[in-house]
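Trainee:
Residue numbers (our numbering): -11 to 116.
In structure tokens:
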């Protein structure tokens, strides 16, 4: 709400270090949640992300900076694909339906074959 924004602004003005951290965090959140980015545009924005990580490295959030640095490659690749888990949820729903219809399988092999058949199967069974 507007009142919360005003209180936040007053609080951040009183604490300049927190204001800098909050601004950097908000900038990073905006960068990571842009839906119109593709891999090419994202690679142009990676220097901005690195700049933000450098700001965090000199702050109390050093562990966040270390985590972001170690995950930088997967974060950059994130824009290649959609950032939702719709396919996974669809397969999970199919597997639940199989389990409900079967009232439980006597062995896992039969259940696995049925899941492979209904969720798409390339003809190769990989033993796990």
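Beta carbons: idealized from backbone N, C-alpha and C, even for Gly.
Using a 10 Å radius around the Cβ and a threshold of 16 neighbouring Cβ atoms, would you call residue 16 buried or exposed?
Mentor: By one-based count along the chain shown, residue 16 stands at place 28. Buried, because 16 or more other Cβ atoms sit within 10 Å of the Cβ of residue 16.
Trainee: Roughly how many angstroms lie between the CA atoms of residue 39 and residue 47, to the nearest whole one?
Mentor: Residue 39 sits at position 51 when you count from the first residue of the chain shown. Residue 47 sits at position 59 when you count from the first residue of the chain shown. Going by the C-alpha atoms only, they are around 13 Å apart.
Trainee: On the premise that residue 12 lies in contact with residue 64, defined as a C-beta separation below 8 Å, what is that separation, rounded to the nearest angstrom?
Mentor: Position 76 of the chain shown, counted from the first residue, corresponds to residue 64. Position 24 of the chain shown, counted from the first residue, corresponds to residue 12. With a Cβ gap of about 19 Å, residue 64 and residue 12 do not count as contacting.
Trainee: Tell me whether residue 94 sits in a helix, a strand or coil according to DSSP, three-state version.
Mentor: Within the chain shown, numbered from 1, the residue matching residue 94 stands at position 106. Residue 94 falls in the coil class under three-state DSSP.
Trainee: Give the DSSP-derived three-state secondary structure of residue 57 in the structure shown.
Mentor: As a working mapping, residue 57 is identified with position 69 in the chain shown. Helix, per DSSP.
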